[in-house]
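2 protein chains.
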Amino acid sequence: MALSREQVVATAVDLLRRYGLGDLSMRRLARELGVAPGALYWHVANKQELLVEVADVLLAEIPPVPTDRPAPEALAGLAVAIREALVQVPDAADVVGLAYAVEPGAARALRDLARLVHEAGATASERDDVAVLVVHHILGSVAAQQNRALAAHIDPELPAPDSTSEAKAFEVGLAVIVRGLGAAT
Amino acid sequence: MALSREQVVATAVDLLRRYGLGDLSMRRLARELGVAPGALYWHVANKQELLVEVADVLLAEIPPVPTDRPAPEALAGLAVAIREALVQVPDAADVVGLAYAVEPGAARALRDLARLVHEAGATASERDDVAVLVVHHILGSVAAQQNRALAAHIDPELPAPDSTSEAKAFEVGLAVIVRGLGAAT
DNA sequence: ACCTGAACACCGTTCAAGT
DNA sequence: ACCTGAACACCGTTCAAGT
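Here it is, written out as structure tokens:
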């Protein structure tokens, strides 16, 4: 049976989850699918396009935000949920960062985030800029925790990151942003 | 005359400035220096160590912050200065992000930033977390602007980023953070 | 001490030719 | 329509051997 674009993307996600971006090469992916490397280029224009698709899959898995809570709470909840989903996937910050640069509004989760920023008190002119700030905070926090885990793995002298306190550090920054929104001039 | 570690790092910085990270390979760097690729490994353990040195050079060039202004102003001024310096250098966000993950307190500019966050009203417990937030905001903003410039270069349909409005978007996010600091609970 | 030559195990991408 | 085979132009890193 012929290969499909969906199959290529799904296997790429699987490879990323299991071994990280370093092992997500076009050649490795082709081997995993039992085809020649060139075959992939029938289904996907190039590696960058593939990675954008991979990011979309990761972001699509984030549960939609409940509609009954006040906006600042819902915003914080969604940001935490996105961070939690991404921190499980090796190099997720790099992959999503690339996708976000290419097409910022592609994923529903990120559009919801922008909307909640607005409802939490950002003026119309601030809205997009603050949404970007929150996304950067999420991706930065994910990358930082994963980098510390990697460093601890290589050098056993270093302490392994405690995911609870990493999450807490993230929420401190998030709280500052939300407070800043409320205290608009 | 023998090669020196400083010479290797300086040429790496030059290559990054002129052609970006894609052309900063160990082999390309060796060619530029007129030596065999293996020669570099006498002066530098591996590519990652080299990139950390490159980041340190970039950050060392940022002018120290004047001491006479109030902390929130000085903080904003320094953040803008760091962003401005890095946005000139292709892929600077990736390089500095890597270095920051490996050794967060290495560069004077970043230590100053953490100190000013404290003086601008962060409690002792918030201090480091908010400094991290500001660094992520800077690196995210730099990466975003450079990515848009790249996208516009590839696809001439897209608008080239206007550096003034990019800077303004950055300052909006920064202002939210500073306000959030002042409005501590 | 410092460097070369040569190798090892890889990359992303293209494209004529096959089915 | 979909894929193979083979190539092109690269990577980072190691290490015996040379000076």
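As they're listed, the protein sequences go chains A and B. Residue numbers for the first sequence follow my numbering, beginning at 616 and rising by one. Residue numbers for the second sequence follow my numbering, beginning at 616 and rising by one. Note that CB positions come from ideal geometry on N, CA and C, so glycine has one too.
Element boundaries [alpha helix (DSSP H), containing residue i]
i               : result
T626 of chain B : 620-634
A775 of chain A : It is not in any alpha helix (DSSP H) - A775 of chain A carries neither H nor E in the DSSP assignment.
E664 of chain B : 662-675
P687 of chain B : 686-702
M641 of chain A : 641-648
G712 of chain B : 707-717
E734 of chain A : 723-734
A654 of chain B : 652-658
Any non-hydrogen atom of the ligand COA closer than 7 angstroms to residue i Cβ
i               : result
L618 of chain B : Absence of the ligand COA from the depicted structure is noted, as is the absence of any ligand whatsoever, leaving it without description.
Whole-Å CB distance - residue i paired with residue j, under 8 angstroms assumed
i               : j               : result
L631 of chain B : V717 of chain B : That belief does not hold up - the Cβ atoms of L631 of chain B and V717 of chain B are roughly 17 angstroms apart, past 8 angstroms.
P776 of chain A : A764 of chain A : 5 angstroms
V702 of chain B : G692 of chain B : Not quite, the Cβ-Cβ distance comes to about 16 angstroms (not below 8 angstroms), so this is no contact.
L796 of chain B : V745 of chain B : 7 angstroms
L636 of chain A : D706 of chain A : 4 angstroms
A625 of chain A : L666 of chain A : 14 angstroms between Cβ atoms; not a contact.
A651 of chain A : A645 of chain A : 6 angstroms
E741 of chain B : V787 of chain A : 5 angstroms
L648 of chain A : V623 of chain A : 7 angstroms
Residue i vs residue j beta-carbon contact at 8 angstroms
i               : j               : result
L639 of chain A : A627 of chain A : yes
I792 of chain B : I792 of chain A : yes
A686 of chain B : A739 of chain B : no
V669 of chain B : V695 of chain B : no
A766 of chain B : L773 of chain B : yes
L789 of chain B : H752 of chain B : yes
L690 of chain B : H658 of chain B : no
S756 of chain B : R698 of chain B : yes
A675 of chain A : A722 of chain A : yes
Exercise. Which residues, in chain order, does the region 759-771 of chain B contribute to contact with chain A at a C-beta distance below 8 angstroms?
Worked result: A759, N762, R763, A766
Exercise. Mind listing which residues of the region 779-790 of chain B have their C-beta closer than 9 angstroms to chain A's C-betas, in chain order?
Worked result: K783, A784, F785, E786, V787, G788, L789, A790
Exercise. What residues in the region 738-753 of chain A have a beta carbon less than 8 angstroms from any beta carbon of chain B?
Worked result: S740, E741, D743, D744, V745, V747, L748, V750, H751, H752
Exercise. Between the region 660-677 of chain A and chain B, which residues of the former have CB atoms less than 8 angstroms from a CB of the latter, in chain order?
Worked result: none
For this session: Check distances from the C-beta atoms of the region 715-728 of chain B to those of chain A and list, in chain order, the residues that come in under 8 angstroms.
Result: A716, V717
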